[in-house]
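For reference, the structure discussed in these notes is given below.
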Amino acid sequence: MKEIRGRIYGVAGPTVVVKGMEGPTMNTVCLVGKDGLLGEIIRIKDELVTLQVYEDTGGLSLNEEVVSHALPLSVKLGPGLLTNIFDGIQRPLRKIRELTGGFISKGVKTPALDLERVWGFEPLKKAGESVSPGDVLGVVQETARIALKIMVPPGVSGVIKEIKGDGVSGSEPVCVLEDGTGIDLYQDWPVRMPRPFQYKLPPEVPFKTGQRVFDTLLPVAEGGTAIVPGGFGTGKTVVEQTIAKYATCDIVIYVGCGERGNEMSEILTDFPELKDPSTNLPLSLRTVIVVNTSNMPVAAREASIFTGITIAEYYRDMGYSVALLADSISRWAEALREISSRLEEMPGEEGFPPYLATNLGGFYERSGRVKCLGDGERTGSITVISAVSPPGGDFSEPVTQASLRFAGSLWALDPDLAYRRHFPAVNWLASFSLYHSELSGWFRDEIAPDMMDLRGRLYSLLQRQTELKDIIQIIGVEALQESDRLTLEVANMARESFLKQSVFNESDAFNTYEKQYWMLKTIFSFMDAAASALKRGVFIETLLESPLRTRIIKMQNTPNEGYPKAAEELIAAIENEFSMIEEK
Amino acid sequence: MDLITREYRTVTTLSGPLLFAGKISGGSLGEMCVINVPGGKKRTGQILQLMGDYAIVQVLQGTSGIDSDAASVVPTGETAKIGVSTDAFGRVFNGFGEPIDSLPHIIPARYMELTGLPMNPASRQKPDFFIQTGISAIDGLNTLVRGQKLPIFSGAGLPANELALQIVRQAKVAEAESFAVILGAMGITSREAFFFRRALKETGAMERTIAFINEVSDPAIERLFTPRIALTTAEYLAFDKGYHVMVVLTDMTAYCDSLREIGSAREEIPGRRSYPGYMYTDLASIYERAGRLKGGTGSITLMPILTMPDDDITHPIPDLSGYITEGQIVLSRSLNRKGIYPPIDVLPCLSRLMNLGIGKGKTRDGHRKLADALYSAYARGIDVRRLVTIVGEEGLTELDRKYLAFSDEFERRFIGQGLEERSIDATLDLGVELLNTVPERELIPTTRKG
Chain A
1243 MKEIRGRIYG VAGPTVVVKG MEGPTMNTVC LVGKDGLLGE IIRIKDELVT
1293 LQVYEDTGGL SLNEEVVSHA LPLSVKLGPG LLTNIFDGIQ RPLRKIRELT
1343 GGFISKGVKT PALDLERVWG FEPLKKAGES VSPGDVLGVV QETARIALKI
1393 MVPPGVSGVI KEIKGDGVSG SEPVCVLEDG TGIDLYQDWP VRMPRPFQYK
1443 LPPEVPFKTG QRVFDTLLPV AEGGTAIVPG GFGTGKTVVE QTIAKYATCD
1493 IVIYVGCGER GNEMSEILTD FPELKDPSTN LPLSLRTVIV VNTSNMPVAA
1543 REASIFTGIT IAEYYRDMGY SVALLADSIS RWAEALREIS SRLEEMPGEE
1593 GFPPYLATNL GGFYERSGRV KCLGDGERTG SITVISAVSP PGGDFSEPVT
1643 QASLRFAGSL WALDPDLAYR RHFPAVNWLA SFSLYHSELS GWFRDEIAPD
1693 MMDLRGRLYS LLQRQTELKD IIQIIGVEAL QESDRLTLEV ANMARESFLK
1743 QSVFNESDAF NTYEKQYWML KTIFSFMDAA ASALKRGVFI ETLLESPLRT
1793 RIIKMQNTPN EGYPKAAEEL IAAIENEFSM IEEK
Chain B
136 MDLITREYRT VTTLSGPLLF AGKISGGSLG EMCVINVPGG KKRTGQILQL
186 MGDYAIVQVL QGTSGIDSDA ASVVPTGETA KIGVSTDAFG RVFNGFGEPI
236 DSLPHIIPAR YMELTGLPMN PASRQKPDFF IQTGISAIDG LNTLVRGQKL
286 PIFSGAGLPA NELALQIVRQ AKVAEAESFA VILGAMGITS REAFFFRRAL
336 KETGAMERTI AFINEVSDPA IERLFTPRIA LTTAEYLAFD KGYHVMVVLT
386 DMTAYCDSLR EIGSAREEIP GRRSYPGYMY TDLASIYERA GRLKGGTGSI
436 TLMPILTMPD DDITHPIPDL SGYITEGQIV LSRSLNRKGI YPPIDVLPCL
486 SRLMNLGIGK GKTRDGHRKL ADALYSAYAR GIDVRRLVTI VGEEGLTELD
536 RKYLAFSDEF ERRFIGQGLE ERSIDATLDL GVELLNTVPE RELIPTTRKG
C-alpha cells in the first residue's frame, strides 16, 4: 500500500496544514498526530496540504506526524448496519460507549461493523454460474424485517468458482470467482461517489408519509426530494421523526446532522419499542441512525450526510424503498462554511462558499427511483426529506434558496401556526408540490377518480379563506355574505380536522390514503349540503349549530380500519339532516 | 509538564486581545500560556491558531500595556483545566475560576478539561423527569425536565434574573437533597452581581450553589471561559457525584459579544451581524453539555439567559440559541408594562421535551390536551384583540367576546401569578377553570377534562 508522510505545519479550528507530503491525492484520508485523528485532504497548494479533521483538533502540536494511505473516505457496507447508530464518519457509537463510557474520547478506533460476526447465508447462485455487477449472490437475514442481499460489487464480474453454503462472516470471501477474485460480505464504498444503477425512473408513485397535509395536499414522490424549512420551534424535527416512524417504506436512514443529542436519545429509546405500521415489527429493525450532534466535530458533520446517503444507496441497490431524513441540511452547510472560511476562500452570499449549491445539488440528486444493476429486475428508491433551518426564519437565505432549486416539494413551516399548536405547522399556501401532476394518474387509479378534484377544491377553499380573513379585518364577520361565512366555517373545519394531525393520538398518527380521501369527501359533502340548504333559505346559524360539525372535526379519531364505513355513515347523516331542516 | 521551560521573547504583533508570537517550536492548539509582562502582573493566554512558526494567542486580560520587545510567552504544556471539588459549594469565583470571596483556594479533587468531550448520543438517557418550577406558564404549558436546556429570552429591563432565581428557589424544594446550582455570570453589572449574591443567600440556596461571576469591568475574553468553567464543574457534580445540577448562565449576549471581538481581531470573515460564522457550533459546545447519562444518577439542566437586542427574536444570538436549545421561555415587554409577573409571552414559548415529562404518572393524564386547548384559545383571544382595534367591539360576535375575556383572565391569573409558588395540580386546575368560559365545541379536538 502506498504510504506518504508529512508533518503538521499549522492548526486552525477543524483544519490542519501539513508540510512535506509527497504526491498527496485530493479527498483521501490521513491519520493526524500521535492520536491518529482521521482527516481528509481538501486542498493541495504547492508544498502545503490542508486537511479537514473529523475529530477535535485541540492539543495537536506542530511537527506531529501525518500519514496517508491515499484511500478515499469510505463507509463499510454490509449486515449490521440496521438498528445501529453511527457518527458522521461511521464510527459505531454503541461500541464507542463500551470503550470510552459516556463521552467520546479522541482517537478512538474501532471497526464500523462487527466483521467477525457470523451471519446465516442463503446462496442463490451456484458454482459455474456467471455473474455481473449487482447480481444477488445470496441473502442474509439482517433483521426480522429486512433480508440483506449480498450483491456482486460494481466493476466485478466472472464465473463463480466457489460459493459459501451457510454461515458467512467478514473474515473470508462469500464467493470466489474463477479468476480468483473474492467477493466479501462487506464492501467499502467512497462516500462522495454515487453508487451506480441502470437508469432513473419517473416519479409516478407517491411516498406515503401517513400525514394528511403532506400525502394529499403536498405529496412527494418515491425517489423525490422534499425540504422542510422553518424557524426554530416550528416543528421540523417532529416532522422528520414522524415520517421516520410512520412512512411506508422499507428502510429509514435518519441523519441527525448538527442537531440535539437529547432528540437522538429519544429515537434510540423509542424506536425499538414502536411498531412499524405496515409490518407491525419494531421500527429499529428498518432504521440506521447517523448522528453528529452540534457539539461533535464540525468536519464529521459535513461528512455525515454523505455517509447517510451512501448507506441509503446500498439498500436502494437491493431493490428497497429507502427514506433518507436529514435534520438539518443547514447545519451541514454551516460546516461547509466554517471549513471554507478556514481555507480563506473567497466567500459567497452570507459567507457560504460559492460551491454551496453545487455540493448541495450533488447530495439531493443522489435521490431517485431507479432500475437497479443486476438480475431480478429490481426497482429501488431513495426519497430525501431534509429539514432546513433558515436564520431568523427568513427563507430568502442561501441554504433555503439553494435547496429550493433541487426540491420537488416544499413544506414551509410557519411560526404562527406553531404558536397556536397547529401541527404539522405547514403553511399550505406558501408550500408547493411539483409532483402532483405526475402522481395524478396514481391517485386516480389507486384511490378514487375524484381524489385530485377534492384536493383542488381544498386548495381553493383555503385560498378563499385567506382572502375572506383580509376582508373581515376591515368589516367584521357579521357583515359577510352567508355563503362566505359558510366557506369560512368549512375552511376552519378542514383546518381542524384534516390539516391538523396529532402524533400523540394513536388513531390519528398515521393515516392511510383511504382515510384521507374519505375525510375530504365528508367535509365537502357537508359543504355542498349546507350550501344547498342556504339556497333554500336556511339560516347559516342553524347550519353551524348542527352537531354534525363536531362529528366531522372528530373524524380524525376514527382509526384507519373504520373507513370508509365511518365516512359513509356521516355523509348519509349529513344529507338526511340538512334536507330535513325547515326553511326560515 | 516539561522540565525545561520554553520562554519565547518573540512577540511580533499585538492587536486587541490577540498576541502573535513567532519562532514557536512546539506548542499545541488550545495550550495555555503565561505572558510575562515586565513590571506588571503575569497574564494568561491560550493558543488559538498555529501556522508555520508563529502562534496566535488570545490574552484574557487584553494586551493593553504589553511591550512587544520586553514581554515573553511561556507555553505551559497544559490545556485549559479547572480544579473541581464539592468544597466549592457556597463559594464565589471570578469568571476564570479564582476565588473572589476572600477565602483561600479550594483543594481540587480532580482537574478537568474545560472544553469537555462531547457526550456520546448513544450514552444519553432520554430526559423524562418532570421538574416542578412552581410557575404555571412553565409547568403547565412549557414543562421543564431534568437534563433539558431551556433558555430565557429576555429584553433589556425585563426581570429575567428574578425569574431564573425564582425557578432555582422553587425547583430546589422539588429536587431536595441532591440539588445543586451553578451560576455562570458573564458581563453582568456590579448591581446584578450584588443581586445574585444576596438573593442566593436569602433563599438559602447558597450552600448548594457555586457562583462564577465575571462582571462588566472584568476582562471581556475571560467571558469565553466562564460558561465552560461552570459546565465543567457541573459535569463533575452531576456525573461524578450524582447531583441534579441546575446551571444558570447569564448573560449569553455578553458571551457572544466577546466571541465576536475575538473573531474580528482574527480578521475572520464575519457572519450575520458580524458574529462569527462558527457561533452556532461554539454555542452548541456550551448548550449541548446539558443532559443525563445512562446508568448515572445525576443530571445537568441548563437555563441560559440572553438579552435579545431590541427585543428582536430573529437576532443571531436568540436565533442560534433557539436552534440548539430544547425550547425557550420568552419574556414580553407589553406584559411587563401591564404589571404582569412573570411576564412570560407564552405563544412563542416552547418546551421540546415537555411531552416526555408530562402525562399519567408524571403530572396528570390529559395535560397535553389541556395545554393545547389553552394555547389555541389564547391565540384566538389575541386575534380578537387585534380585530377589536380595527372594527371595535361592535363588530365582534358573541363568541369572539368570550375569547377576548378569556385571554384577559388567562394573562391576569394564569400567567400573572406573581411570586406565588403553584403546585402542578393548582396550575392544571386553574387551566381547566379558565377554559370553562369558552365553549367546549370550539376547542375540539381537545377536551377540558383534566
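Heads up: the sequence lines are chains A and B, in that order.
Going letter by letter, the first sequence gives residues 1243 to 1826 in the numbering used here.
Going letter by letter, the second sequence gives residues 136 to 585 in the numbering used here.
Quick reminder that beta carbons are idealized off the backbone N, C-alpha and C, glycines included.
When C-alpha distances from A/Leu1427 are compared across A/Glu1420, A/Ile1346, A/Pro1436 and A/Val1416, the shortest belongs to A/Val1416. In this structure, DSSP gives A/Trp1684 a helical state, which the three-state scheme calls helix.
In the DSSP assignment, no residue is bridged to B/Thr562. Under the DSSP definition of a beta bridge, A/Tyr1441 partners with A/Lys1613. Straight across, the Cα-Cα distance linking B/Ile559 with B/Leu485 is about 18 Å.
Taking C-beta atoms under 8 Å as the contact rule, A/Val1373 and A/Ile1402 qualify, at a distance of about 6 Å.
Spanning the alpha carbons of A/Pro1539 and A/Gly1255 requires a straight line of approximately 10 Å. When DSSP reads this structure, B/Ala315 sits in a beta bridge with B/Val380.
In summary, A/Phe1548 is buried, with 16 or more beta-carbon neighbours lying within 10 Å of its beta-carbon over all protein chains present. When DSSP states are grouped into helix, strand and coil, B/Ser325 belongs to the helix group. With the criterion set as a beta carbon lying under 7 Å from some beta carbon of chain A, the members of the segment 413-430 of chain B are Tyr413, Tyr415, Thr416, Ala419, Ser420, Glu423, Gly426 and Leu428, in sequence order. Spatial neighbours of B/Asn229 in its own chain (CB-CB distance under 6 Å, excluding positions within 5 residues in sequence) are listed in chain order as Ile235.
Residues of chain A whose Cβ lies closer than 7 Å to the Cβ of B/Lys261 are, in chain order, Ser1507, Glu1508 and Thr1511. In terms of CA proximity to A/Phe1449, A/Thr1625 leads the group A/Leu1279, A/Thr1625 and A/Asp1298. Setting aside the 5 residues that flank it on each side, B/Phe155 is surrounded in the same chain by Val146, Thr147, Thr148, Leu149, Tyr189, Ala190, Ile191 and Val192, each with a C-beta closer than 8 Å to its C-beta; the list follows chain order. Of the candidates A/Val1350, A/Thr1352, A/Asp1617 and A/Ser1679, A/Asp1617 places its Cα closest to the Cα of A/Pro1375.
Rounded to the nearest whole angstrom, the C-alpha separation of B/Pro477 and B/Glu546 is 10 Å. Pairwise C-beta distances place the segment 434-454 of chain B out of contact with the segment 1570-1589 of chain A, as fewer than three of them are shorter than 8 Å. Following the DSSP letters along the chain, one finds A/His1311 inside the beta strand (DSSP E) bounded by residues Glu1307 to Pro1314. When the Cα atoms are used, A/Gly1322 and A/Asp1356 turn out to be separated by approximately 7 Å. Only those residues of the segment 1282-1308 of chain A whose C-beta falls short of 8 Å from the nearest C-beta of chain B are listed: Asp1298, Thr1299, Gly1300, Gly1301, Leu1302, Ser1303, Leu1304 and Asn1305. Taking 8 Å as the cut-off, the beta carbon of A/Met1506 is found closer than this to the beta carbon of A/Val1533. Not flagged as an interface residue toward chain B: A/Tyr1597, since no C-beta distance is shorter than 8 Å.
Taking C-beta atoms as the reference points, B/Gln184 and B/Cys168 fail to come closer than 8 Å.
If only complete runs of 4 or more residues are kept, the segment 1644-1676 of chain A shows the alpha helix (DSSP H) at 1657-1661, in order along the chain.
Between B/Glu337 and the set B/Glu357, B/Gly225 and B/Ile525, the nearest pair of CA atoms involves B/Gly225. Residue A/Arg1502 holds the alpha-carbon nearest to the alpha-carbon of A/Arg1543 among A/Val1745, A/Arg1502 and A/Val1394. Cα atoms of A/Glu1508 and B/Leu428: separation of roughly 13 Å, rounded to the nearest angstrom. Straight-line spacing of the CA atoms in A/Glu1464 and A/Leu1776 works out to 43 Å. Restricting attention to A/Glu1576, A/Ile1717 and A/Asp1492, the CA atom closest to the CA of B/Gly527 is found in A/Ile1717. Secondary structure remark: continuous alpha helix (DSSP H) runs of at least 4 residues inside the segment 1317-1388 of chain A, in chain order: 1335-1342. Fewer than three pairs of CB atoms, one per stretch, sit closer than 8 Å, so the segment 321-335 of chain B makes no contact with the segment 507-526 of chain B.
Taking a 10 Å sphere around the C-beta of A/Met1822, we find fewer than 16 other C-beta atoms and assign the residue as exposed.
Residue-level contact by beta carbon fails for B/Leu359 and chain A, as no gap is shorter than 8 Å.
Against chain B, a Cβ distance below 7 Å from A/Leu1335 picks out Asn255, Pro256 and Ala257. Proximity of B/Asp507 to chain A, defined by a Cβ-Cβ separation below 8 Å, is satisfied.
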